[in-house]
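Novice: Numbering of the sequence shown is given in this note's numbering, commencing with residue 54 and proceeding in unit increments. The beta carbon of each residue, even a glycine, is placed where N, CA and C say it ideally should be.
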Amino acid sequence: MNINQGRGTGFTCRINMRNIILLFVFFIAICQAQNANLSGKWNGHIEIPGTQLKIHAKFHLDGEKWQGKMDIPQQGVKGLPLYEINTQGNKVTFVITGSSGNASFQGEKSKDTLVGYFVQQGQKFTFYLKLESKEVQEAKSQKLKKALKNIDAYITEKMPLWNVPGLALAVVTEDGVLVTKGYGYRHMAKKLPVTKNTLFAIGSTSKAFTTMSIGILVDKGKLNWDVPVQTYVPTFAVKDEYVSKHMTLRDLVTHRSGLPRHDLMWYGSSVSRVELFQRLRYLEPTKPFRTTWQYQNHMYMAAGYIAGQVANSTWENIVHNEIFAPLGMNNSNFSVDVSQKAADFATPYHIHDEKLEEIPLRQIDNIGPAGSINSNAQDMAKWLQLHINHGEFNGKRIISQKGLQDMHTAHMTMQGYSKDDKIAIGYGLGWFIDVYRGEYLSQHGGSIDGFRAQVTVLPKKGFAMAILTNSNNVFANLASLHITDVLLDKKPVDRHSKLWAQIQAAKKMIKPAEKVNFVQGTSPSHKLKDYVGTYENPGYGELVVEMKDHKLHLTYNNISTSLGHGHYDTFFTESQTAWEGVKPLWTFVTSATGEIASVSALLQVGVAEIKFIKKVNNKSPEGKSEKR
Numbered sequence: 054m055n056i057n058q059g060r061g062t063g064f065t066c067r068i069n070m071r072n073i074i075l076l077f078v079f080f081i082a083i084c085q086a087q088n089a090n091l092s093g094k095w096n097g098h099i100e101i102p103g104t105q106l107k108i109h110a111k112f113h114l115d116g117e118k119w120q121g122k123m124d125i126p127q128q129g130v131k132g133l134p135l136y137e138i139n140t141q142g143n144k145v146t147f148v149i150t151g152s153s154g155n156a157s158f159q160g161e162k163s164k165d166t167l168v169g170y171f172v173q174q175g176q177k178f179t180f181y182l183k184l185e186s187k188e189v190q191e192a193k194s195q196k197l198k199k200a201l202k203n204i205d206a207y208i209t210e211k212m213p214l215w216n217v218p219g220l221a222l223a224v225v226t227e228d229g230v231l232v233t234k235g236y237g238y239r240h241m242a243k244k245l246p247v248t249k250n251t252l253f254a255i256g257s258t259s260k261a262f263t264t265m266s267i268g269i270l271v272d273k274g275k276l277n278w279d280v281p282v283q284t285y286v287p288t289f290a291v292k293d294e295y296v297s298k299h300m301t302l303r304d305l306v307t308h309r310s311g312l313p314r315h316d317l318m319w320y321g322s323s324v325s326r327v328e329l330f331q332r333l334r335y336l337e338p339t340k341p342f343r344t345t346w347q348y349q350n351h352m353y354m355a356a357g358y359i360a361g362q363v364a365n366s367t368w369e370n371i372v373h374n375e376i377f378a379p380l381g382m383n384n385s386n387f388s389v390d391v392s393q394k395a396a397d398f399a400t401p402y403h404i405h406d407e408k409l410e411e412i413p414l415r416q417i418d419n420i421g422p423a424g425s426i427n428s429n430a431q432d433m434a435k436w437l438q439l440h441i442n443h444g445e446f447n448g449k450r451i452i453s454q455k456g457l458q459d460m461h462t463a464h465m466t467m468q469g470y471s472k473d474d475k476i477a478i479g480y481g482l483g484w485f486i487d488v489y490r491g492e493y494l495s496q497h498g499g500s501i502d503g504f505r506a507q508v509t510v511l512p513k514k515g516f517a518m519a520i521l522t523n524s525n526n527v528f529a530n531l532a533s534l535h536i537t538d539v540l541l542d543k544k545p546v547d548r549h550s551k552l553w554a555q556i557q558a559a560k561k562m563i564k565p566a567e568k569v570n571f572v573q574g575t576s577p578s579h580k581l582k583d584y585v586g587t588y589e590n591p592g593y594g595e596l597v598v599e600m601k602d603h604k605l606h607l608t609y610n611n612i613s614t615s616l617g618h619g620h621y622d623t624f625f626t627e628s629q630t631a632w633e634g635v636k637p638l639w640t641f642v643t644s645a646t647g648e649i650a651s652v653s654a655l656l657q658v659g660v661a662e663i664k665f666i667k668k669v670n671n672k673s674p675e676g677k678s679e680k681r
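1. Which value, in whole angstroms, describes the spacing of the CA atoms of Q85 and K183?
2. Distance check for A519 and I204, CA to CA, integer angstroms please.
3. Suppose the cutoff is 6 Å on Cβ atoms and the five residues either side in sequence are ignored; what does the same chain contact list for V148 look like?
4. Please classify S194: is it buried, with 16 or more other beta-carbons within 10 angstroms of its beta-carbon, or exposed?
5. Excluding sequence positions up to five away, which residues of its chain have a Cβ less than 7 Å from the Cβ of F262?
6. Which word fits Q393, buried or exposed, when buried means at least 16 other C-beta atoms lie within 10 angstroms of its C-beta?
7. Check whether the Cβ atoms of S613 and H603 sit closer than 8 Å, and answer yes or no.
8. Kindly list the residues whose CB is nearer than 8 Å to the CB of F80, restricted to its own chain and excluding five residues on each side of it in sequence; keep chain order.
9. Scan the segment 98-185 and note each continuous beta strand (DSSP E) run of 3 residues or more that stays entirely inside, going in chain order.
10. Give the range of the alpha helix (DSSP H) segment to which W436 is assigned.
11. In the structure shown, what three-state DSSP assignment does H373 receive?
12. Can you look up M682 in the DSSP assignment and give me helix, strand or coil?
13. Could you give the DSSP three-state label for Y593: helix, strand or coil?
14. Under 8 Å between the Cβ atoms of T209 and Y236?
15. If you draw a straight line from the alpha carbon of K292 to that of I666, how long is it in whole angstroms?
16. What are the uninterrupted segments assigned as beta strand (DSSP E) that are 3 or more residues long and contained completely in the segment 467-495, given in chain order?
17. How should L75 be labelled, buried or exposed, when 16 other C-beta atoms within 10 angstroms of its C-beta is the threshold for buried?
18. Under a three-way DSSP split, which group does M212 fall into?
19. Assuming contact is defined by CB atoms lying nearer than 8 Å, are F446 and P379 in contact in what I supplied?
20. Using 8 Å as the Cβ pair cut-off and three pairs as the minimum, do the segment 536-552 and the segment 281-291 touch?
21. If I'm right that T509 touches G219 with Cβ under 8 Å, what's the distance once you round it to whole angstroms?
22. Return the residue from the list S524, S297, A645 that minimises the CA-CA distance to M212.
23. Around the C-beta of V569, are 16 or more other C-beta atoms found within 10 angstroms, so that it is buried, or is it exposed?
24. Return yes when the Cβ of M123 is within less than 8 Å of the Cβ of I108, no when it is not.
25. How long is the line joining the alpha carbons of E191 and L91, rounded to whole angstroms?
26. Label K449 either buried or exposed according to how many other C-beta atoms from any shown protein chain fall within 10 Å of its C-beta, with 16 as the threshold for buried.
27. For my contact list, A200 and L540 are in at a C-beta cut-off of 8 Å; report their separation, rounded to the angstrom.
28. Based on DSSP bridge pairs, tell me the residues matched to F504.
29. Identify the continuous alpha helix (DSSP H) that holds G456 and give its terminal residues.
30. Just the C-alpha distance for S500 and R415, rounded to the nearest angstrom, thanks.
Okay, here's the thing in structure tokens:
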């Protein structure tokens, strides 16, 4: 027997055993040192006395640092940032800063659960979270695919019935962009298709960009929603002195100024924004200040103008620098003049004699903050994400959570009540606030010649959509509600069939419009040439009456019509399309000296006829020479 060999073998065995033990200990140490992986969506609750408070948390690794957000549906909390997220082995801690009592979570992670204590103000409650499985995620994915198929089929089927040439759709969820897509044609004759990059006029959905730009300046301390606007721009004035001194930015954008629309004052006009701003003092109100909701575009123009003055800039520059640029909305613009230079823009259409007819783009730059933005599905998706993500985009804060919440909070009640399943709560800062099928909903429509847009946000459900069309009819609204039904996983309400049947029945009942009961056998008191001239109103500006082909023709705000004789010195508008189908009667008045002195027309319901005084020898009634 070789003793040395025997000893060597035993020594070797002891060394191997020791190595195995060391490797085992090392392996255990590695396992213990490996920190918990939190990636994914976690669903669960906090056990509080008498109930379970549901919570949802999302975690992702940003470099070497964990980021997270939490939703608490029962408290209406969504996207609450989580801080100081630490993992040591299976131990997990994170904090909700700013909460009373330094609220914190302290738990331990197993395979797919996270259990521990929620601590606030010295009180300790058990919490439980479970990682959402791949199977659940796949089921949700399949559900979304089914929803998209439903939405796609609805739009494709119904668009032709409503004479909608083209449509762009953007839908986003809290997880990202669900779809950006074009349907139909941006130009019918040329068969040019709508794409996600096709530019459409978005009309009054521009108002939310104006309120957000103001909200951003409020965050920066440059503006205050509730300070009289004369503090910022002393020249601001409306007809009532008290209202002029007390009007705030919040008043301007919640339609409670007391002024009715007065839209014909700006529609078609080429005067500057500054001049429109200066004319506000001459417009008649119809309601007392802060008592009644009355939609008003001029007040939004004024709000945007004031923001530009305070920032030593313009409304356009503020929106571009504070919203468009940070979001990467690189194709959006503020004027149809710019849109027409783009490679992909939609042509507007309206329905005439049951057929689609191409119409010119309407330039409304002077009233811009109320509705002149043009955008596409791709850019609008980014805008929607900003709202769903509580004022952040790609991790960058654009507006404070408080500022965004202020936009989506009702500040002014509205008259009337809803007869369907959408209940109007009030008007926020650039948004209508509704309850729809039990869910909180912010929405706004927008329309301008040949375009209709509808933007809808369900902040507590985590999805939003924008629908842009190049035909001004109700289909964008119908499609928005249908898509909302689908994404809420509720049976869609068949509004199409009901409304379509009502419209078709109404068409059969329509009779030719009755003519005004003019006194027969009368004639004008003057020769037609005596009515020719330039007439002026301090609020509504100038109109011109000319002779063409032995008839009077009137031009107001670059829109012209021939005038037919009604009776005495009253003439009627012959054009069927001037001023969006509004057909005023124009009554001329003779002065004591026997000359035509003025012309009046009912251009705004609820106020007296607007009187335009005739200029004499190229001079205004005050005797000042006309500026050229």
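Specialist: On the basis of the coordinates in this document:
1. The residue labelled residue 85 in the question sits at position 32 within the sequence shown. The residue labelled residue 183 in the question sits at position 130 within the sequence shown. Its pLDDT being 41, under 50, Q85 is placed unreliably by the model, and nothing is read from it.
2. As a working mapping, residue 204 is identified with position 151 in the sequence shown. As a working mapping, residue 519 is identified with position 466 in the sequence shown. Those two C-alpha atoms are separated by around 13 Å.
3. As a first step, residue 148 is located in the sequence shown; it is residue number 95 there, counting from the start. Cβ neighbours of V148 beyond the five flanking positions: Y136, E137, S157.
4. On the sequence shown, residue 194 is found 141 positions in, with the first residue counted as 1. Exposed, because fewer than 16 other Cβ atoms sit within 10 Å of the Cβ of S194.
5. Within the sequence shown, the letter at position 209 stands for residue 262. Only V372, I376, I426 meet the Cβ criterion.
6. What you label residue 393 is simply residue 340 of the sequence shown in a count that begins at 1. Classification for Q393: exposed.
7. By 1-based counting over the sequence shown, the position of residue 613 is 560. By 1-based counting over the sequence shown, the position of residue 603 is 550. Not in contact: S613 and H603 (Cβ atoms no closer than 8 Å).
8. Stepping through the sequence shown from its first residue, residue 80 is reached at position 27. Bear in mind that a pLDDT of 43 at F80, under 50, signals an unreliable position, so the number given afterwards is only what the model happens to contain. Excluding positions up to five away in sequence, the list is empty.
9. 104-115, 118-125, 130-141, 144-148, 157-162, 166-173, 176-184
10. On the sequence shown, position 383 is the one that residue 436 refers to. That run of the alpha helix (DSSP H) goes 430-441.
11. As a first step, residue 373 must be located in the sequence shown, where it is residue number 320. Helix, per DSSP.
12. Residue 682 is absent from the model: the chain starts at 54 and stops at 681.
13. The residue labelled residue 593 in the question sits at position 540 within the sequence shown. It is coil, neither helix nor strand.
14. Within the sequence shown, numbered from 1, the residue matching residue 209 stands at position 156. Within the sequence shown, numbered from 1, the residue matching residue 236 stands at position 183. In this structure, Y236 lies closer than 8 Å to T209 by Cβ.
15. Here residue 292 corresponds to residue number 239 of the sequence shown, with the count starting at 1. Here residue 666 corresponds to residue number 613 of the sequence shown, with the count starting at 1. Computed Cα separation, rounded: 19 Å.
16. Runs found: 475-480, 485-489.
17. Mapped onto the sequence shown, residue 75 falls at position 22. Any reading at L75 must be qualified, since the residue scores a pLDDT of 46, below 50, and its modelled position is unreliable; the value itself is stated next. Classification of L75: exposed, given that the 10 Å Cβ count is below 16.
18. As a first step, residue 212 must be located in the sequence shown, where it is residue number 159. Looking at M212 - three-state DSSP - the assignment turns out to be coil, as it is neither helix nor strand.
19. Locating residue 446 in the sequence shown gives position 393, counting from the first residue. Locating residue 379 in the sequence shown gives position 326, counting from the first residue. Yes, these two residues count as a Cβ contact at 8 Å.
20. The segment 536-552, when compared against the segment 281-291, does not touch it at the 8 Å Cβ threshold.
21. Residue mapping note: residue 509 aligns to position 456 of the sequence shown, counting from 1. Residue mapping note: residue 219 aligns to position 166 of the sequence shown, counting from 1. 20 Å between Cβ atoms; not a contact.
22. Locating residue 212 in the sequence shown gives position 159, counting from the first residue. Comparing Cα-Cα distances from M212 to each of S524, S297, A645, the minimum goes to S524.
23. By one-based count along the sequence shown, residue 569 stands at place 516. Classification of V569: exposed, given that the 10 Å Cβ count is below 16.
24. In the sequence shown, residue 108 corresponds to position 55, counting from 1. In the sequence shown, residue 123 corresponds to position 70, counting from 1. Against a cut-off of 8 Å, the Cβ pair of M123 and I108 comes out as a contact.
25. Walking along the sequence shown from the start, residue 191 turns up at place 138. Walking along the sequence shown from the start, residue 91 turns up at place 38. Approximately 19 Å, taken between the alpha carbons.
26. In the sequence shown, counting from the first residue as 1, residue 449 sits at position 396. That one is exposed.
27. Locating residue 200 in the sequence shown gives position 147, where the first residue counts as 1. Locating residue 540 in the sequence shown gives position 487, where the first residue counts as 1. Confirmed, about 6 Å.
28. Residue 504 sits at position 451 when you count from the first residue of the sequence shown. As a beta-bridge residue in DSSP terms, F504 pairs with I501.
29. Sequence index remark: in the sequence shown, residue 456 carries index 403 (1-based). Counting along the chain, the alpha helix (DSSP H) containing G456 begins and ends at 454-460.
30. Stepping through the sequence shown from its first residue, residue 500 is reached at position 447. Stepping through the sequence shown from its first residue, residue 415 is reached at position 362. Roughly 11 Å between the two C-alpha positions.
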